[in-house]
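Chains as they are written, first to last, in the working numbering: chain P, 1 to 208; chain D, 1 to 208. Read the structure below first, then the notes.
Number of protein chains: 2
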Amino acid sequence: MPLTDDVRVRRRVGLQAAATEQRRRAILDAAVQAFSEVGYNGTSLRDVAARAGLSHTGLLHHFPDKPGLLEAALDRLFDSTALEFDFASDDGVIVMRALIAAAERDVREPTSLRFLAVVTAESLVPSHPAHGFMRLMQQRVRETLTAAFTDLQERGLYRADPLTPSIAAVHAASLRNGAIAEWLRTPDEIDLVEIIRGQLRMFTTVEL
Amino acid sequence: MPLTDDVRVRRRVGLQAAATEQRRRAILDAAVQAFSEVGYNGTSLRDVAARAGLSHTGLLHHFPDKPGLLEAALDRLFDSTALEFDFASDDGVIVMRALIAAAERDVREPTSLRFLAVVTAESLVPSHPAHGFMRLMQQRVRETLTAAFTDLQERGLYRADPLTPSIAAVHAASLRNGAIAEWLRTPDEIDLVEIIRGQLRMFTTVEL
DNA sequence: GTCTATAGCGAGATAGAC
DNA sequence: GTCTATCTCGCTATAGAC
């Protein structure tokens with residue numbers, strides 16, 4: 001039972017909603033760009049708004065405040081990443097390959113990576129608005145990797161002994177984040193994909 | 001040939017210089033504390049000055065400006081670290097053991113570690129005042145580790161093949177930085193020393 | 001060497017017109 | 001839905017008294 005039966009009204013409302021959605025996307029794109037360049041703390045709402053082509057009060061019509069803007073940008077990033085790569089698979093081999101595929105995509109298309117790395121780095125201090133979110137993500141990544149290495153071990157494809165799967169998970173997560181930071185500082189001196197692939201190879205007999 | 005022969009004047013001047021030096025140290029201690037808690041960007045000169053027990057203008061008598069304060073704090077940290085641990089040794093085994101000893105000290109006494117990690121993280125964005133300094137440090141660490149692994153390889157104590165010493169250096173530096181960040185977020189869930197020792201063991205046959 | 005006072009800026013957020 | 005105008009705040013840095 002629609003609120004209105006007038007098809008012209010519905011169409012107009014639909015168009016408006018689509019335009020608003022497009023506006024929101026443009027603002028989020030601008031925010032990701034700005035955050036990745038100067039960090040969340042270094043970015044002003046006026047800066048984001050200018051990149052998106054509106055005033056900062058116009059921006060605040062679409063998002064409640066600055067932390068809300070960051071949260072929306074992070075949510076969108078994680079939703080799209082989950083769609084693209086199957087980190088949730090039960091199969092450890094698939095997770096290993098997803099890690100490498102994600103690194104290859106990140107090197108080709110580094111905007112999202114830079115955004116996430118910069119915000120992750122900033123959020124090390126507990127007062128940062130994304131601190132809690134990032135700690136949750138860190139724990140989820142560790143759990144995912146632990147499950148993947150455990151699966152490999154049960155299938156006889158694991159060779160990192162005496163490191164346990166949960167220790168190996170910390171190794172893999174730490175090296176990944178550390179290497180991303182090194183790569184962002186000196187992209188010409190590091191082959192990020194090979195660093196990550198090289199470490200995962202030390203943990204499994206599967207060809208990667 | 002002293003500027004004055006009056007021993008009382010020399011003594012008074014010496015006492016004053018010592019008091020000033022002590023004041024500078026207190027300010028640097030306060031700055032390291034503040035930076036480690038809320039980061040360089042999140043810290044105001046008023047905050048540092050209050051912790052050190054003087055006004056922010058009084059602080060600016062001892063340091064030229066905010067970037068100058070950060071630089072002085074970083075210089076002091078690296079000078080004291082170089083005194084305490086022999087990272088410059090030609091002997092790869094000594095460097096490996098220094099890395100583990102430094103981690104043990106860091107876990108016991110985490111203030112310096114937290115300061116360095118937070119500033120390292122923040123300085124990922126190029127506009128940060130410590131960006132250049134940290135990139136230099138990153139390259140120096142890589143060179144040091146490459147030399148250490150090369151030394152181990154020449155003495156038949158290296159087992160990370162097919163990883164070359166320079167690749168292993170990136171692995172070691174990245175994992176160290178990444179693990180420090182993980183540990184600072186969830187200190188109870190990670191044994192930082194064992195993570196670092198565990199990785200170095202994968203690279204050498206020496207008992208660590 | 002340290003202070004008070006203040007200049008000057010840029011930020012986040014709100015009010016109200018259109 | 002977007003704007004201009006404004007409020008209020010905190011910051012770095014300087015000037016000048018003591």
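Think of the CB as a built atom: it goes at the ideal place given N, C-alpha and C, for glycine as much as any other residue. On a predicted model such as this, the values are computed, not experimentally measured, just so you know.
Setting aside the 5 residues that flank it on each side, D106 (chain D) is surrounded in the same chain by L113, each with a C-beta closer than 6 Å to its C-beta; the list follows chain order.
Taking 8 Å as the upper bound for CB-CB distance, V118 (chain D) and V125 (chain P) are in contact here, some 6 Å apart. At the C-beta level, A130 (chain D) and L70 (chain D) come within 8 Å of one another. Judged by DSSP in its simplified three-state form, Y40 (chain P) adopts helix. Apart from sequence neighbours up to five positions away, the residues of its chain that approach A30 (chain D) with a beta-carbon distance below 6 Å are V48, R51 and A52, ordered along the chain. Residues of chain P whose Cβ lies closer than 8 Å to the Cβ of T186 (chain D) are, in chain order, R135, Q138 and Q139.
Taking one beta carbon from each stretch, the stretch 86–96 of chain D and the stretch 144–153 of chain D have 3 or more pairs nearer than 8 Å; the two touch. Assignment of T20 (chain P) by DSSP, reduced to helix, strand and coil, places it in the helix class. Between S174 (chain P) and A103 (chain D), the alpha-carbon positions lie close to 15 Å from each other. By the rule that beta-carbons nearer than 8 Å mark a contact, M96 (chain P) does not touch chain D. Against chain P, the CB of V119 (chain D) has no partner CB under 8 Å away; the residue lies outside that interface.
The beta carbon of I100 (chain P) does not come within 8 Å of any beta carbon belonging to chain D, so the residue lies off that interface. Not flagged as an interface residue toward chain D: V107 (chain P), since no C-beta distance is shorter than 8 Å.
The beta carbons of L163 (chain P) and T205 (chain P) sit no closer together than 8 Å. Using a Cβ distance threshold of 8 Å, E122 (chain P) and E37 (chain D) do not count as a contacting pair. For a Cβ distance threshold of 8 Å, residue set E37, V38, G39, G42 and V118 of chain P lies close to V125 (chain D), ordered along the chain. Each residue's CA atom was taken as its position, placing V141 (chain P) and N177 (chain P) some 11 Å apart. Less than 8 Å divides the Cβ of T111 (chain D) from the Cβ of Q33 (chain D). Listed in chain order, the alpha helix (DSSP H) elements of length 4 or more contained wholly in the stretch 85–170 of chain D are 92–108, 111–122 and 131–154.
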